[in-house]
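Colleague: Residue numbers (our numbering): 1 to 246.
Glycine included, every Cβ here is placed at the ideal spot set by N, Cα and C.
Please read all numbers here as calculations on a predicted model, not as lab measurements.
One structure follows; several queries about it will come next.
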Amino acid sequence: MTNFHILTLFPDMVLQGLRESIIGRAEKAGFISLEALNIRDYTQDKHKKVDDYPYGGGAGMLMQAQPVYDAYLEAERRITERKMREARPDKRRNRVIYVTPQGCVFHQEMARELAEEEDLIFLCGHYEGIDERVLQTIVTDYVSIGDYVLTGGELPAMVMVDAIARMVPGVLTNQDSGETESFSDHLLEYPQYTRPEIWNGQAVPPILLSGDHAKVDAWRLEMAKERTRERRPDLYAAYEREHPVK
């Protein structure tokens, strides 16, 4: 089971988006858990302010260190209390993922690796970012979903939680679907078809109707290679390096 703890200024946005479809069903079934802590609840400012002007000037506002740090401490406290209740004290440091365009780019293998963690804390920035001092204190991983800038870290965090949760055992009804889809072994997923057999004058490839599973698997591999070669030559180059022609 993987427990996701999301530090954000917009908890409803995060939870409402994640608690739908497969991820929502996985939480109800107990394969994952989701909680969002509102950073604003931990500010010491009487007006619930969590941001201020950056030292040295510049455009925009910056999230202050104190409310972010206290929200983080609360997440850690909840994790520790749960493990104590379960008689499983654990002093290992929990992974804290700061969602930022300055981080390394998220990919499928990272999702697979993070799915092995019991607890993951996601920190969502807003405005112009977060005071560097708290980042240096609590963050273990700086991760981006691409080379572009969004208004906040909530959408990237949701993307990552979705991708990671799918790799947690039990979340997908057919676990094979998590092993054979795009990016498995550096290949994009092969084309797929369902009923009717002929739609809009286009027929399903005959090999898929043959009942010969070995031939189907071989066809799917060739189609995956062809699609990857056309659409993602960078991935195909990685595939070729790991599967040299003998």
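So, are the CB atoms of G24 and M1 less than 8 Å apart?
Modeller: Here residue 24 is taken as the residue at index 24 of the sequence shown, counted from 1. Here residue 1 is taken as the residue at index 1 of the sequence shown, counted from 1. No, Cβ-Cβ distance for G24 and M1 is not below 8 Å.
Colleague: Considering only residues of the same chain and omitting the five flanking positions on each side of P156, which have a CB-CB separation below 6 Å?
Modeller: Along the sequence shown, one-based indexing puts residue 156 at 156. So the qualifying residues of the chain are V99, I145.
Colleague: Going straight from the alpha carbon of R95 to that of V139, what length do you get?
Modeller: Sequence index remark: in the sequence shown, residue 95 carries index 95 (1-based). Sequence index remark: in the sequence shown, residue 139 carries index 139 (1-based). Approximately 8 Å between the Cα atoms of the pair.
Colleague: Which residue wins for smallest C-alpha separation from I97, given the options E109, K83, D119, R220?
Modeller: Position 97 of the sequence shown, counting from 1, holds the residue named residue 97. Ranking the options by Cα distance to I97, first place goes to D119.
Colleague: Excluding the 5 residues flanking F183 on each side, which residues of the same chain have their C-beta closer than 6 Å to its C-beta?
Modeller: Stepping through the sequence shown from its first residue, residue 183 is reached at position 183. The answer, listed in chain order, is Q108.
Colleague: Nearest to Q192 by alpha carbon, out of D185, G201, P206, H186?
Modeller: As a position in the sequence shown, residue 192 is number 192, starting the count at 1. Of the candidates D185, G201, P206, H186, the one whose C-alpha sits nearest the C-alpha of Q192 is P206.
Colleague: Does the separation of the CB atoms of E226 and V14 fall below 8 Å?
Modeller: On the sequence shown, residue 226 is found 226 positions in, with the first residue counted as 1. On the sequence shown, residue 14 is found 14 positions in, with the first residue counted as 1. Taking 8 Å as the Cβ cut-off, E226 and V14 do not qualify as a contacting pair.
Colleague: How many angstroms separate the CA atom of H137 from the CA atom of P67?
Modeller: Position 137 of the sequence shown, counted from the start, is the residue given in the question as residue 137. Position 67 of the sequence shown, counted from the start, is the residue given in the question as residue 67. The identity of residue 137 in the sequence shown is Thr, whereas the question assumes His. Those two C-alpha atoms are separated by around 13 Å.
Colleague: Indicate the three-state DSSP secondary structure (helix, strand or coil) for H243 in the structure shown.
Modeller: As a working note, residue 243 is residue 243 in the sequence shown. Three-state result, H243: coil.
Colleague: Is R133 closer than 8 Å to L188 when the C-beta atoms are compared?
Modeller: Position 188 of the sequence shown, counted from the first residue, corresponds to residue 188. Position 133 of the sequence shown, counted from the first residue, corresponds to residue 133. No, the Cβ-Cβ distance between L188 and R133 is not below 8 Å.
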